[in-house]
Amino acid sequence: MTNKRWKIREVCDDYSVKSLADSLNISDVLSSLLIQRDITSFSQAKNFFRPSLDSLHDPFLMNGMETATYRVITALTENQLIMVYGDYDVDGTCSTALLYLFLKELGAKVEFYIPKRLTEGYGINITGIDHAKSRNTSLIISVDCGITAVEETDYAKKLGMDLIICDHHQPKEKIPNALAVLDPLKPDCSYPFVFLSGAGVAFKLAQGVSERIGKRELPLKYLDLVALAGAADIVSLTGENRILVKEGLEQINSHPRPGILALIKSSNMQPGDLTSGQIVFSIAPRINAVGRMGDAERAVELLITESTDEAFKLAQILETENYQRRKIDEDTFSMAQDFVENSIDLNSDTAIILHQESWHAGVIGIVASRLVEKYYRPTIILTTAGGVAKGSARSISNFNIYDALKKCEDLLIHFGGHQAAAGLAVEMDKLNEFKFRFNQVAKEAITEDDLAPEIKIDSRLKFSEITPKFLRIIDQFAPFGPGNMRPVFLSENVEIVNKPKIVGTNHVVVTLKQNGSDKLFECIGFNMAEYYVEMTKTNCKADIVYNIDKSARNGMSFPQLRLKDIKFKENNVELN
């Protein structure tokens with residue numbers, strides 16, 4: 003069992019909590035959850051609970067939009083070939099599908115291109131540009147990539163093609179000299195919302211073109227793709243993203259396009275009440291799998307098809323690829339875990355760094371994340387490609403892995419990423435030195451407390467406060483994601499009512515009550531079967547940290563507590 007630290011968030015003064023609670027006629031707990039989200043007035047709460055498309059920002063506030071829309075309209079009127087150049091993940095394939103379908107509807111001569119992860123790597127590259135030239139392309143529009151493609155942009159211009167870059171990643175010091183660069187993070191861009199997904203930026207371009215040709219409503223039919231991308235790319239679900247994802251989820255649930263419906267059904271779900279979380283954990287991995295294992299253009303074909311039969315055939319391909327990805331993932335994780343247990347002394351090494359030349363490049367990022375989850379150490383997993391060690395790095399919350407790699411950059415061929423995740427390449431003869439140096443950097447920066455994962459608790463909650471009205475309002479906090487996470491509650495001195503059950507391979511289900519009340523709640527702890535024995539003890543009491551979710555059975559929906567951690571008590575004394 004990993005020893006987790008619990009930290010209850012501090013909320014402002016009681017007066018502000020009660021004042022907002024009174025104005026909205028809600029409980030103090032719900033009021034404090036809103037204040038944590040910087041919602042402190044009736045009007046802000048109204049915008050939060052009723053997000054409206056009318057609140058979307060003018061696309062022409064984005065630097066470069068005027069030039070970009072004019073060039074797209076020129077390509078449309080002159081029947082020039084447009085190449086939409088995307089990326090192989092969910093955001094990239096959804097962005098590509100969105101812009102392709104939008105331009106196709108306007109009568110454009112349009113094709114798309116997705117680089118192959120294992121041979122071309124991420125982003126705009128020479129192979130893709132040469133392909134565009136061979137097709138007599140006049141205009142390339144990159145989506146979800148391109149902001150760092152300085153040399154590639156110059157190469158495209160040299161070949162006589164214009165390039166519009168639609169990206170949402172952090173630019174480096176030099177911005178590519180493209181015809182137009184749309185990126186809200188660009189230094190000279192004053193667009194009011196900087197957290198758009200790649201599909202969000204592509205949507206803003208579609209909005210700009212539509213406004214100029216008098217078809218303002220046209221892009222709204224592609225909000226399902228924006229929602230899919232926004233949920234899967236883990237962007238901040240605040241402001242404009244919250245509006246786009248909420249509206250897009252409603253489209254997915256009410257009238258999903260054939261490709262999305264096929265994905266939903268192959269995930270053993272039904273449209274109607276799908277959440278952003280179900281997209282992240284069920285639908286997104288199937289789209290990502292084809293990019294990890296081979297050719298992501300099949301994902302785009304799935305998203306753009308109007309044929310139900312073709313959609314289900316393509317979805318089956320994604321299902322097969324995802325099954326193979328999971329198998330490789332499991333085998334790699336098992337082998338990596340053995341290495342950690344038998345070859346690494348976690349008392350002396352602060353970080354986990356593993357290399358195996360046979361590991362599949364498409365799954366090592368997933369395996370690194372799983373090792374972080376299990377051991378809570380910064381983790382780097384490397385395979386061999388082109389005679390060098392290449393891999394993925396994942397971090398823990400209080401350690402900036404990008405900065406740590408920067409302190410080792412004299413030993414690296416290249417690296418890139420951000421605080422939580424990065425990619426890197428190392429010469430084989432420098433690998434041992436890199437392992438030693440990185441561990442030294444980690445050891446200096448990480449304290450013992452940092453190695454105990456922290457659970458941030460939003461509020462204490464009594465079971466008696468979980469009323470039908472409370473649950474209805476919590477539902478309206480959705481869609482959940484970064485910037486608007488599902489609330490985490492602490493309930494103390496709960497009693498285990500019945501004998502717990504093990505379900506699936508490693509999950510525990512138990513019924514709980516509090517303070518002798520008759521109010522009972524089902525609770526599930528995923529991958530928490532290790533707590534089963536303690537739960538079976540007579541008069542077992544505990545403090546629990548959890549989310550409130552829903553479970554369906556026999557056509558009925560009921561609240562279910564999703565356990566995040568538990569601390570058992572004996573005679574009201576905490577057991578360590």
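According to my numbering, the sequence shown holds residues 3 to 578 in order.
For glycine and all other residues, C-beta sits at the position ideal for the given N, C-alpha and C.
Asked	Found
Beta-carbon spacing of L83, N138 below 8 angstroms	yes
Cα-Cα separation between M67 and D226, rounded to whole angstroms	23 angstroms
Inter-residue Cα distance where the pair is G210 and L63	10 angstroms
Secondary structure of Y157, DSSP reduced to three states	helix
Sequence-distant residues of its chain with Cβ nearer than 7 angstroms to P287 (five each side left out)	N324
Bridge partners - S559, DSSP secondary structure assignment	A554
Option in L165, H171, L384, T155 with minimal Cα separation from C147	H171
Distance CB(D93)-CB(A229) smaller than 8 angstroms	no
I285 vs I306 beta-carbon contact at 8 angstroms	no
Beta-bridge partners of H509, as assigned by DSSP	V505
Nearest-angstrom Cβ-Cβ length linking F465 and Q516, presumed shorter than 8 angstroms	4 angstroms
For A338, three-class secondary structure by DSSP	helix
Contact under 8 angstroms by Cβ, V365 with D331	yes
Beta-carbon spacing of A208, T69 below 8 angstroms	no
Element boundaries [alpha helix (DSSP H), containing A424]	Here A424 belongs to no alpha helix (DSSP H); instead the beta strand (DSSP E) covers 423-429.
Three-state secondary structure (DSSP) of R73	helix
Supposed close pair A353, R379 - CB separation, criterion 8 angstroms	6 angstroms
Integer Cβ distance of G595 from Y115, believed to fall under 8 angstroms	Shown here, the chain extends from 3 to 578; a query on residue 595 therefore has no answer.
Cα-Cα separation between N574 and K6, rounded to whole angstroms	Confidence at N574 is low in this model, with a pLDDT of 47, below 50, so its placement is unreliable and the value that follows should be read with caution. Distance between the alpha carbons of N574 and K6 is about 19 angstroms.
Of the residues T240, T71, C542, the one placed nearest L141, counting alpha carbons only	T71
Candidates S371, K458, V86, P117, of which the one nearest K9 by Cα	K458
Own chain residues within Cβ distance below 7 angstroms of Y534, not counting five before or after	P502, I504, V510
Inter-residue CB distance, Y90 and A423 (contact presumed, cutoff 8 angstroms)	Actually they are not in contact, since the Cβ atoms of Y90 and A423 sit about 16 angstroms apart, beyond 8 angstroms.
Paired residues, beta bridge with F479 - DSSP	The partner list for F479 (beta bridge, DSSP) is empty, contrary to what the question assumes.
Contacts around V374, its chain only, beta-carbon distance under 6 angstroms, and the 5 residues preceding and following it disregarded	T381, R396
Integer Cβ distance of L473 from V31, believed to fall under 8 angstroms	No, L473 and V31 are not in contact; Cβ-Cβ is about 12 angstroms, not under 8 angstroms.
Pairwise C-alpha distance: A291 and A313	16 angstroms
Cβ pair count under 8 angstroms reaching 3, the region 338-353 against the region 440-459	yes
G389 versus K160 - alpha carbon distance	32 angstroms
Rounded straight-line distance, which links the Cα of P61 to that of M295	36 angstroms
Other residues of its chain near V443: CB distance less than 8 angstroms, five sequence neighbours each side excluded	A406, K409, C410
Extent of the continuous alpha helix (DSSP H) to which I1 belongs	Any question about residue 1 goes unanswered here, given that the chain covers just 3 to 578.
Buried versus exposed call for E12 [16 or more other C-beta atoms within 10 Å across all chains shown]	exposed
For D169 and F523, the rounded distance between their alpha carbons	45 angstroms
Candidates F491, N500, A554: closest to I568 by CA position	F491
Which residues DSSP lists as bridging C525, in chain order	V512, L563
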